[in-house]
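Enquirer: I am attaching a structure below and will ask some questions about it afterwards.
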Ligand code: 5AD
Ligand code: SF4
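Residue numbers (the working numbering): 615 to 1129.
Right, here's the structure in full:
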């Protein structure tokens, strides 16, 4: 691709919609804004160069835009979205806006959306229906849709046609353009749509307002090039782009210095970390973890892994323990080699089991969790049984389980499917029974044990009780002093449940002052 084509691709395809009140067919307009997910087009993208930028600044003309105004962001979906919300909150604050917890109180409302399954999308459309009432009461309210759904042509189409009271739609690569988008929305009576067709660059110095001071998220890479046949993420999040290790190390050091107790490294497929950093010789996730573990922060996690790139060096580094947590979330999706092949996961049941064997050999105390999809197009009973048997064979402690949801533009959505919905639901129920049983079993082992809990605050269900997580991500509720919040304390488990543990804090030894 020559420079001219590259720049053309990179152009911000930003435009205002036709008059909101008009009922004309918008299809021509969309062709200019974005294209539907296309595997063929997306696979061409590897050659595009990624630029690293460090020059984000609020331009003079936007300063004070938020004075006297409040923002509210509702986040759907994964941790990546949660973290994007922290960045958008940072930009709002830099513009002078104040945060609010109530939609009624807000002058700007953003829905940061998830596109991974249809019901995630339906929730957003439902919420837009509710917000319409508020918008009618408060015509000055700005309402925006961002996140993964806004990267889909069909969604933008639907919003323009059915939810034309929305003021802004912007994509996952346009977050740093928020000041300009807000400005355009204030100045225009028409819907502002800004979705880049090119996957974004890596922008390092965006402001962030982190939720809490105990656990922090750190992006290590963006996008995904795996193209599992069911998944919309490679289209909504773009191609794999790794952050430079020195930037990540600096961010983790900074969090440690601020007193954060835990970081979770984020990426759609963290095991591909470093593949695109051509100037660094084979610097991969294992090397990054090996560098990060030397930082004085008590807990380091990462999510989400793909078994394909989970290499021996990473296992070797994780086995060093210390602040690298002994919990690995390793999505398997199916226990059948045939289904895995149709999913384009690029590993077999046996290869997955072999990887698990290696991990357990190196880290005997490891806790393993996973993601599973049931009811893939044409999945047979036998293939589903293989998923159940793999679940037992690995001994997963818990799992996120889903019924396959067709996503427009993905290869799986084109497949004929002979599995009726009632069969899919039945399979999900059978799998969930196994997941519940396994979780309860795993929890029982903690009875009377002493565990280390990072205390996050009061329990959501009972303010008299504190709640936190063990190194293996088990939720623990216990009575203890508020001074324990933000610390890692020892708790003796007195009762085990399916999804959580109850316990008693063991008296903390006050450090003896030496005179
Ligand atoms: N249908 C159902 N589940 C899906 N996931 C991703 N795409 C789909 C889909 N189209 C699940 C996978 C993934 C998790 C984040 O969501 O299990 O690991
Ligand atoms: Fe989607 Fe994960 Fe597969 Fe990437 S690796 S395509 S994010 S399921």
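Every residue, glycine too, gets a C-beta built ideally from N, C-alpha and C.
Quick caveat: nothing in here was measured; it's all calculated off a predicted structure.
(1) Let me make sure I understand the geometry here. Which of 983, 1117 and 857 has the alpha-carbon closest to that of residue 817?
(2) Assuming residue 958 contacts residue 991 (C-beta within less than 8 Å), just tell me the rounded distance between them.
(3) Heavy atom of ligand 1 less than 6 Å from the Cβ of residue 987, yes or no?
(4) What does DSSP give as the partner residues of residue 880 in its beta bridges?
(5) Skipping 5 residues on each side, what residues in its chain have a beta carbon closer than 8 Å to that of residue 1079?
(6) Cβ of residue 945 versus every heavy atom of ligand 1: is any distance shorter than 6 Å?
(7) Entirely within the segment 719-786 and at least 3 residues each: give me those beta strand (DSSP E) ranges in chain order.
(8) Using 6 Å as the cut-off, classify the Cβ of residue 920 as near or not near the heavy atoms of ligand 2, replying yes or no.
(9) Buried or exposed: where does residue 1113 fall if 16 or more other Cβ atoms within 10 Å of its Cβ makes it buried?
(10) Say yes only if the C-beta of residue 1016 is nearer than 6 Å to one or more non-hydrogen atoms of ligand 4, and no if none qualify.
(11) Please look up how many angstroms separate the CB atoms of residue 986 and residue 1015, rounded, as I've assumed it's under 8 Å.
(12) Please check the pair residue 1100 and residue 822, which I expect to be a contact at CB under 8 Å, by giving their CB distance rounded to whole angstroms.
(13) With burial defined as no fewer than 16 other Cβ atoms inside 10 Å of the residue's Cβ, what is the status of residue 853: buried or exposed?
(14) Give a yes or no on whether 7 Å exceeds the smallest Cβ distance from residue 712 to chain B.
(15) Whose C-beta lies closer than 7 Å to the C-beta of residue 1118 among residues of the same chain, with five residues either side of it excluded?
(16) Considering only residues of the same chain and omitting the five flanking positions on each side of residue 937, which have a CB-CB separation below 7 Å?
(17) At which residues does the alpha helix (DSSP H) containing residue 900 begin and terminate?
(18) For ligand 2, is there a heavy atom less than 6 Å away from the beta-carbon of residue 882?
(19) Using the beta-carbon count (16 or more within 10 Å), is residue 785 buried or exposed?
(20) With a Cβ-Cβ cutoff of 7 Å, do residue 1082 and residue 1066 count as a contact?
(21) Relative to ligand 2, is the shortest distance from any of its heavy atoms to the C-beta of residue 842 smaller than 6 Å?
(22) Looking at the structure shown, is residue 1069 part of a helix, part of a strand, or coil, going by DSSP?
(23) Determine the extent of the alpha helix (DSSP H) in which residue 850 is found, giving its start and end residues.
(24) Let me know if residue 1032 comes out buried or exposed under the rule of 16 or more other beta-carbons within 10 Å of its beta-carbon.
(25) Excluding the 5 residues preceding and the 5 following residue 798 in the sequence, name in chain order all residues of the same chain whose CB lies nearer than 6 Å to its CB.
(26) Where in the segment 911-980 do unbroken runs of the alpha helix (DSSP H), each at least 4 residues long, occur, reported from the N-terminal end onward?
(27) Which same chain residues end up closer than 6 Å to residue 619 when comparing Cβ atoms and leaving out the 5 residues on each side of it in sequence?
(28) With residue 1117 as the anchor, note down where its alpha helix (DSSP H) starts and where it stops.
(29) Closest by CA to residue 741, which one among 1028, 1084, 727 and 1048?
(30) What is the C-beta distance between residue 998 and residue 1008, in whole angstroms, given that I count them as a contact (C-beta under 8 Å)?
(31) Would you mind reading off the limits of the beta strand (DSSP E) that contains residue 799?
(32) Work out the CA separation of residue 925 and residue 703 for me, nearest whole Å.
(33) Name the residue from 930, 968 and 919 whose alpha carbon lies nearest to the alpha carbon of residue 887.
(34) So, with DSSP's three-state summary, where would you put residue 1060?
(35) Which first and last residues belong to the beta strand (DSSP E) in which residue 990 is found?
Expert: The relevant details are as follows:
(1) 857
(2) The C-beta distance from residue 958 to residue 991 rounds to 13 Å, too long to meet the 8 Å contact threshold.
(3) yes
(4) 833 and 917
(5) 1072, 1073, 1091, 1092 and 1093
(6) When distances are taken from the beta-carbon of residue 945 to the heavy atoms of ligand 1, the shortest one is below 6 Å.
(7) Listed in chain order, the complete beta strand (DSSP E) runs (minimum 3 residues) inside the segment 719-786 are 722-727, 756-761 and 782-784.
(8) yes
(9) exposed
(10) Ligand 4 is not part of this structure, which contains only ligand 1 and ligand 2.
(11) 5 Å
(12) At roughly 19 Å, the Cβ-Cβ gap does not stay under 8 Å, so residue 1100 and residue 822 are not in contact.
(13) Around the beta-carbon of residue 853, 16 or more other beta-carbon atoms lie within 10 Å, marking it buried.
(14) Structure shown: chain B not included; a single protein chain is present.
(15) 1092, 1093, 1105, 1106 and 1108
(16) 907, 911, 912, 913 and 914
(17) 899-906
(18) yes
(19) buried
(20) No. Outside cutoff.
(21) yes
(22) strand
(23) It spans 847-850 - the alpha helix (DSSP H) in which residue 850 sits, taken as one unbroken run.
(24) exposed
(25) Same-chain partners within the cutoff: 806.
(26) Along the length of the segment 911-980, whole alpha helix (DSSP H) runs at least 4 residues long occupy 926-932, 951-956 and 963-976, reported in chain order.
(27) Only weak support exists for where residue 619 lies, its pLDDT of 33 falling under 50; the coordinates are left without a value.
(28) Per DSSP, residue 1117 belongs to no alpha helix (DSSP H); it is in the beta strand (DSSP E), 1114-1119.
(29) Residue 741 has its Cα closest to that of 727, out of 1028, 1084, 727 and 1048.
(30) With 8 Å as the limit, residue 998 and residue 1008 do not qualify as a contact, their Cβ atoms being about 16 Å apart.
(31) It is not in any beta strand (DSSP E) - residue 799 instead sits in the alpha helix (DSSP H) that spans 792-801.
(32) 36 Å
(33) 919
(34) In the structure shown, residue 1060 falls within a coil segment according to DSSP collapsed to helix, strand and coil.
(35) No beta strand (DSSP E) contains residue 990, which DSSP labels as neither H nor E.
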